[in-house]
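Below is one structure, written out as structure tokens; the observations come after it.
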Amino acid sequence: MPRLRELREGDVAQIRGWPPYPGDMAQMDYALREKGWLEEFRSTPDTFLYAVEDGGELIGFTILLKTGAAEAEFRIALRPDKTGLGIGERATFQTLRIGFEEHRLTRIHLIVRKNNRRGIGLYRRAGFVDRGECRREIQGVAVDFRLMEIGREEFRGRDAMGNAGIVAEKGKRGSRPRRALIVIDVQNEYFTGMLPVSHPPGSLENILTAMDAASATGVPVVVVRHEAAAPDRPVFRKGTPAWELHPEVANRPRDLLVEKTLPGSFTGTELEAWLRARDIDTVVISGYMTQMCCDTTARQAFHLGFGVEFLSDATGTLSLANDAGSVTAEELHRAILVTQGMLFSKVMATAEWIAGIGEG
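So this is what it looks like as structure tokens:
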């Protein structure tokens, strides 16, 4: 499955070395060359350029060019041998997701050549709607274009996985989602250390129940352990009893142990590569704390194109107070669940999740 990252300077020469587009696609070739899109937009303020990678290989790029306070124009180009394979749909959807959620855009628009039926079909499947026609001059030649756009609410209202073409692909394979249970930072720090988790009641028991159910049904279990990035921090100091996994988690079967130093379980770890090597397309979030490492990991997984299931009673937190104010554990937990349920995850109770994998 393709993923996006920020475009790097070294990518430009590689893109310019791609072979020319064949046949009807030849009209797109200027986008890759000198004085093309990359040269035009790399130094343009408020422009976001993303490389499209598949298996670590650079296969395309996308652009969001801001045209207003909360609006942008979308563009995409794939390596000539990667067109027509469904990659454009996934890359388009991931770019829209970043634009609407990270850059807080309210509307994204584009222009597509009127004779580009494949492109028009792609954009319609992604949720774009027609908004008229226009004519522009491209390298001295007048070209007729179709105007299309999509708003944030329309984007959110669509089936996220379906927009990317993933549901159809799964249907062809005849398989259910391939899940992995991610058990995040269930360490003694949250029980006998300085950060005692207090809500929801029974979260540890639900985590253990989820682990047992996963092992019984063949769902891989990934255990994540956090270590303080700075050795002088008072919490999660490597080698201390508080840093150790809770005994009940440590004694249960697991398929992978991930060590991390930042809130996101994907940052600087082998987690993504391990999941993709096993054709896993859905991660299940459990552990601590709801608003920190669980929330961050879920968002990272969503941005990488994974499906996400967030266990509401197998995650947990504690009451907090700082210079910004105070919040109870119950309020904080509920707010994160509601936010996750807006777009990033399917939020469910552990019993509901177990019933679902049991049916599989």
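For what it's worth, my numbering labels the leading residue of the sequence shown as 669, then goes sequentially. Every residue, glycine too, gets a C-beta built ideally from N, C-alpha and C. Since we're looking at a predicted model, the values are computed, not measured.
Would you mind giving the Cβ-Cβ distance between residue i and residue j, rounded to the nearest angstrom? I have them listed as a contact below 8 Å.
i, j, result
"residue 718", "residue 773", "About 14 Å separates the two Cβ atoms, so there is no contact after all."
"residue 904", "residue 895", "6 Å"
"residue 897", "residue 929", "4 Å"
"residue 806", "residue 961", "Not quite, the Cβ-Cβ distance comes to about 48 Å (not below 8 Å), so this is no contact."
"residue 972", "residue 671", "5 Å"
"residue 848", "residue 952", "7 Å"
Are there 16 or more other CB atoms within 10 angstroms of the CB of residue i, so buried, or fewer, so exposed?
i, result
"residue 949", "buried"
"residue 749", "exposed"
"residue 638", "Beyond the ends of the chain as shown, which are 669 and 1028, falls residue 638; an answer cannot be given."
"residue 907", "exposed"
"residue 802", "exposed"
"residue 1003", "exposed"
"residue 885", "exposed"
"residue 954", "buried"
"residue 809", "exposed"
"residue 681", "exposed"
"residue 919", "exposed"
"residue 981", "buried"
"residue 832", "Note that residue 832 scores 39 on pLDDT, short of 50, meaning its location in the model is unreliable and no value can be drawn from it."
"residue 730", "buried"
"residue 712", "exposed"
"residue 946", "exposed"
"residue 1005", "buried"
"residue 870", "exposed"
"residue 936", "exposed"
"residue 901", "exposed"
"residue 997", "buried"
"residue 710", "exposed"
So, with DSSP's three-state summary, where would you put residue i?
i, result
"residue 736", "coil"
"residue 1013", "coil"
"residue 853", "coil"
"residue 771", "coil"
"residue 1006", "helix"
"residue 763", "helix"
"residue 862", "coil"
"residue 697", "helix"
"residue 983", "strand"
"residue 938", "coil"
"residue 837", "Summary for residue 837: the model assigns pLDDT 41, below 50, so the residue's position carries little reliability, and this model does not support an answer."
"residue 830", "Because residue 830 sits at a pLDDT of 43, beneath the cut-off of 50, its placement in the model cannot be relied upon, and the point is left open."
"residue 704", "coil"
"residue 798", "strand"
"residue 712", "coil"
"residue 823", "helix"
"residue 741", "strand"
"residue 725", "strand"
"residue 928", "strand"
"residue 1024", "helix"
"residue 1018", "helix"
"residue 754", "coil"
"residue 944", "helix"
"residue 907", "coil"
"residue 912", "coil"
"residue 677", "helix"
Note the first and the last residue of the continuous alpha helix (DSSP H) segment covering residue i.
i, result
"residue 989", "Counting along the chain, residue 989 falls outside any alpha helix (DSSP H), though it belongs to the beta strand (DSSP E) covering 988-990."
"residue 884", "871-885"
"residue 719", "Run containing residue 719: none in the alpha helix (DSSP H); it sits in the beta strand (DSSP E), 715-722."
"residue 917", "915-918"
"residue 785", "785-794"
Please list the terminal residues of the continuous beta strand (DSSP E) segment that includes residue i.
i, result
"residue 963", "From DSSP, residue 963 is part of no beta strand (DSSP E) but of the alpha helix (DSSP H) over 963-971."
"residue 685", "Counting along the chain, residue 685 falls outside any beta strand (DSSP E), and DSSP gives it neither H nor E."
"residue 956", "950-956"
"residue 819", "809-819"
"residue 1049", "Because the chain is modelled from 669 through 1028, residue 1049 falls outside the range shown and cannot be assessed."
"residue 846", "Per DSSP, residue 846 belongs to no beta strand (DSSP E) and is neither H nor E."
"residue 893", "889-894"
"residue 994", "993-995"
Spell out whether any CB of chain B is found under 7 Å from the CB atom of residue i.
i, result
"residue 794", "Looking for chain B here will not work: only one protein chain is present."
Segment contact flag, the region 766-780 with the region 736-748, C-beta cutoff 8 Å, min 3 pairs: yes
Cβ pair count under 8 Å reaching 3, the region 810-820 against the region 851-864: no
Stretch pair the region 987-994 + the region 1015-1027: three plus CB contacts closer than 8 Å: no
Touching by the beta-carbon criterion (3+ pairs, under 8 Å), the region 962-975 and the region 932-940: yes
Inter-stretch contact (C-beta, 8 Å, three-pair minimum) for the region 753-760 and the region 690-708: no
Touch test, the region 1003-1013 against the region 940-948, Cβ-Cβ under 8 Å, three pairs minimum: no
contact_flag[the region 778-798, the region 816-823] where n(CB pairs < 8 Å) is 3 or more: yes
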